[in-house]
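Q: Encoded as structure tokens, here's the structure I'll be asking about.
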DNA sequence: CGAGATCATAGACAGAGTGTCCAGAAACAG
DNA sequence: CTGTTTCTGGACACTCTGTCTATGATCTCG
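Residue numbers (the UniProt record's numbering), protein chains in the order written: chain G, 1 to 201; chain W, 1 to 201.
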């Protein structure tokens, strides 16, 4: 029994992952065939099927790798009493995304019929909801909105901006600037953002 | 030459649209074959190909129908000096979505490798950006953030909540309540939403 | 280093789905 | 009613899938 994964397997799986991601970005998920993938990864066709059930399984593998990796890094950064009011968790996601931009692009664009996107959104908003709830409880305040809506809105905001930032052609605002905008926007709302309060506040 | 579309064509196209949407929601875009679609629509296989180039073309047809329809309705509601600060445009989108929830679910879930989702997001955030820009200009204020980021964030927020609302099992907040939450959240930010301001404002 | 386990490979295969074509039947407009 | 348009089932070549086999290559560990 092998304790550590064989070097060959490691290389094969890595090559398949990379090939899938770059081919999907190039042609779209549906247009990528298993034959394309094994050709790009320089791997035998049968070998593919010893590692993954099908194209979908490889895709899911990529998505869950990213999600697990992100979760680990967020756990280090997310202080329980913080509740996302500071930019650290947001910045960490942006940092993580810029380390593997292609995988993030693939997921956030909804390739793979949105399965990755939904997994991402669900996991992230669940975390957000928990943190908001804990925060509200700890401070004994009464939230004015449904915290589920709040969590979904917060995550949706960040995902859309993250994809826009990853996909936008230069020039685009620097990461730090975008993250700061997101955080302040979320804290202070659009009145502050546009510099104008129609109600005169 | 036919001035008006043949009744048969009308019925055929409608049946194909409906069949695609419900089958995609049931099994996922990739798992739906043209044969499934024509069977569900009770239409001959060859007939499909006289109306649409392939499955993708039918999907795109559905998406652009929804987008065009929405655009028409938003144009009636979007006052140029409003800039989305009231709930009317948001409410209109939610109203539109609840009239054809299945098509919206399909699009917002990212089915079809996210092509519909991206079209939706791009169109909507372009509109939002224009409106923000006009508003800021009209009031001669200096925005504190990149208005592109603001537009993307605003739209992402609404899309995520809309999908959550369409997909959530009962019980869920009523439409009006969700829309109001979204608008107030966007106007006042998360401090207001959670009832707690860590900076003591 | 060498034996035994593990992994990779090419090519062949049936099955499913695609997109095109045809000739005939059905529904349409005026 | 007449000529036109649209629908239909079945046949076709094609692409991709997922499985299998026999063989060769590469690893691990004593």
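Glycine included, C-beta positions come from ideal geometry on N, C-alpha and C.
1) Helix, strand or coil for residue 32/W, going by three-state DSSP, please let me know.
2) What does residue 135/G reach in chain W if we use C-beta pairs closer than 8 Å?
3) Which residues in the same chain have their Cβ closer than 7 Å to the Cβ of residue 165/W, if we skip the five residues on either side of it in sequence?
4) Give the straight-line distance between the Cα atoms of residue 162/W and residue 6/G, rounded to the nearest whole angstrom.
5) Strictly under 8 Å for the Cβ-Cβ distance: is residue 10/W near chain G by that measure?
6) Mind checking the region 100–133 of chain W against chain G and listing, in chain order, the residues whose C-beta falls within less than 9 Å of any C-beta there?
7) Taking 8 Å as the threshold (C-beta atoms), are residue 192/W and residue 190/G in contact?
8) Let me know the secondary structure DSSP gives residue 196/W once reduced to three states.
9) Can you confirm whether residue 94/G, when its beta carbon is compared against all beta carbons of chain W, has any partner nearer than 8 Å?
10) By the 7 Å beta-carbon criterion, what residues does the region 18–38 of chain W contribute toward chain G?
11) Going straight from the alpha carbon of residue 142/G to that of residue 118/G, what length do you get?
12) Leaving out five residues on either side along the sequence, give the residues of the same chain with a beta carbon under 7 Å from the beta carbon of residue 1/W.
13) Taking Cβ positions, are residue 29/G and residue 113/W nearer each other than 8 Å?
14) To the nearest angstrom, how far is it from the Cα of residue 22/G to the Cα of residue 102/G?
15) How about residue 181/G: is its C-beta nearer than 8 Å to some C-beta of chain W?
16) Are any of the Cβ atoms in chain W nearer than 8 Å to that of residue 91/G?
17) Step through the CB atoms of chain G and report whether any lies within less than 8 Å of the CB of residue 146/W.
18) What are the boundary residues of the alpha helix (DSSP H) that residue 148/G is part of?
19) Kindly give me the distance between the Cβ atoms of residue 131/W and residue 132/G, rounded to whole angstroms, as I take these residues to be in contact under 8 Å.
20) If you run the structure through DSSP and keep just helix, strand and coil, what is residue 89/W?
21) Around the C-beta of residue 68/W, are 16 or more other C-beta atoms found within 10 angstroms, so that it is buried, or is it exposed?
22) In three-state DSSP terms, what is residue 57/W?
23) Of the residues 66/G, 61/G, 135/G and 27/G, which one's Cα is nearest the Cα of residue 98/G?
24) Looking at the unbroken alpha helix (DSSP H) that takes in residue 102/W, where does it start and where does it end?
25) Compare the C-beta of residue 73/W against all C-beta atoms of chain G and say whether one is closer than 8 Å.
26) Do residue 183/W and residue 87/W have their C-beta atoms within less than 8 Å of each other?
27) Excluding the 5 residues preceding and the 5 following residue 36/W in the sequence, name in chain order all residues of the same chain whose CB lies nearer than 7 Å to its CB.
28) When every heavy atom of the ligand ADP is checked, does at least one fall within less than 7 Å of the C-beta of residue 96/W?
29) Using a Cβ-Cβ cut-off of 8 Å (strictly less than) and excluding sequence neighbours within five positions of residue 75/W, which residues of its own chain qualify?
30) Which residue marks the beginning of the alpha helix (DSSP H) containing residue 129/W, and which one marks its end?
31) Output yes if chain G places a C-beta closer than 8 Å to the C-beta of residue 169/W; else output no.
A: This is what the structure gives:
1) For this step, residue 32/W is matched to residue 32 along the second chain. In this structure, residue 32/W counts as coil in the three-state DSSP scheme.
2) Your numbering for residue 135/G matches position 135 in the first chain. Near residue 135/G (Cβ distances below 8 Å), the residues of chain W are 194 and 196.
3) Sequence index remark: in the second chain, residue 165/W carries index 165 (1-based). Only 172 and 178 meet the Cβ criterion.
4) As a working mapping, residue 162/W is identified with position 162 in the second chain. As a working mapping, residue 6/G is identified with position 6 in the first chain. Using only the alpha carbons, I get a separation of about 46 Å.
5) By 1-based counting over the second chain, the position of residue 10/W is 10. Interface annotation, residue 10/W: not in contact with chain G, CB-CB separation never under 8 Å.
6) 108, 109, 110, 111, 112, 113, 114, 115, 116, 117, 118, 121, 125 and 132
7) Counted from its first residue, the first chain places residue 190/G at position 190. Counted from its first residue, the second chain places residue 192/W at position 192. No, the Cβ-Cβ distance between residue 190/G and residue 192/W is not below 8 Å.
8) Your numbering for residue 196/W matches position 196 in the second chain. Residue 196/W: coil per DSSP, three-state reduction.
9) Position 94 of the first chain, counting from 1, holds the residue named residue 94/G. Not one chain W Cβ lies under 8 Å of residue 94/G.
10) 28, 29 and 30
11) Stepping through the first chain from its first residue, residue 142/G is reached at position 142. Stepping through the first chain from its first residue, residue 118/G is reached at position 118. Distance between the alpha carbons of residue 142/G and residue 118/G is about 30 Å.
12) Sequence index remark: in the second chain, residue 1/W carries index 1 (1-based). Summary for residue 1/W: the model assigns pLDDT 47, below 50, so the residue's position carries little reliability, and this model does not support an answer.
13) In the first chain, the residue the question calls residue 29/G occupies position 29. In the second chain, the residue the question calls residue 113/W occupies position 113. Yes, the Cβ-Cβ distance between residue 29/G and residue 113/W is below 8 Å.
14) If you number the first chain from 1, residue 22/G lands on position 22. If you number the first chain from 1, residue 102/G lands on position 102. Between residue 22/G and residue 102/G, the C-alpha separation is close to 7 Å.
15) Counted from its first residue, the first chain places residue 181/G at position 181. With 8 Å as the cut-off, residue 181/G counts as an interface residue toward chain W.
16) One-based indexing of the first chain puts residue 91/G at position 91. It does not: the Cβ of residue 91/G has no partner Cβ on chain W nearer than 8 Å.
17) Locating residue 146/W in the second chain gives position 146, counting from the first residue. For residue 146/W, the answer is yes, since a Cβ of chain G falls inside 8 Å of its Cβ.
18) Start at 1 with the first residue of the first chain, and residue 148/G comes out as number 148. 147–167 is the extent of the alpha helix (DSSP H) around residue 148/G.
19) As a position in the second chain, residue 131/W is number 131, starting the count at 1. As a position in the first chain, residue 132/G is number 132, starting the count at 1. No, residue 131/W and residue 132/G are not in contact; Cβ-Cβ is about 29 Å, not under 8 Å.
20) The count along the second chain starts at 1 and reaches residue 89/W at position 89. Residue state, collapsed to three classes: helix.
21) Residue 68/W sits at position 68 when you count from the first residue of the second chain. Residue 68/W is exposed by the Cβ-count criterion.
22) Taking the first residue of the second chain as position 1, residue 57/W is located at position 57. Residue 57/W falls in the helix class under three-state DSSP.
23) In the first chain, the residue the question calls residue 98/G occupies position 98. The candidate whose alpha carbon is nearest that of residue 98/G is 66/G.
24) Within the second chain, the letter at position 102 stands for residue 102/W. Note, residue 102/W: alpha helix (DSSP H), 101–108.
25) On the second chain, residue 73/W is found 73 positions in, with the first residue counted as 1. No, residue 73/W does not count as interfacial toward chain G.
26) Taking the second chain and counting its residues from 1, the one referred to as residue 183/W is at position 183. Taking the second chain and counting its residues from 1, the one referred to as residue 87/W is at position 87. With contacts defined by Cβ atoms closer than 8 Å, residue 183/W and residue 87/W form a contacting pair.
27) Position 36 of the second chain, counting from 1, holds the residue named residue 36/W. Excluding positions up to five away in sequence, the list reads 23.
28) The model depicted lacks the ligand ADP and carries no ligand whatsoever.
29) Taking the second chain and counting its residues from 1, the one referred to as residue 75/W is at position 75. Nothing listed; no residue qualifies.
30) Within the second chain, the letter at position 129 stands for residue 129/W. Looking at the DSSP string, the run of the alpha helix (DSSP H) that includes residue 129/W is 115–138.
31) Residue 169/W sits at position 169 when you count from the first residue of the second chain. No, its Cβ sits nowhere closer than 8 Å to a Cβ of chain G.
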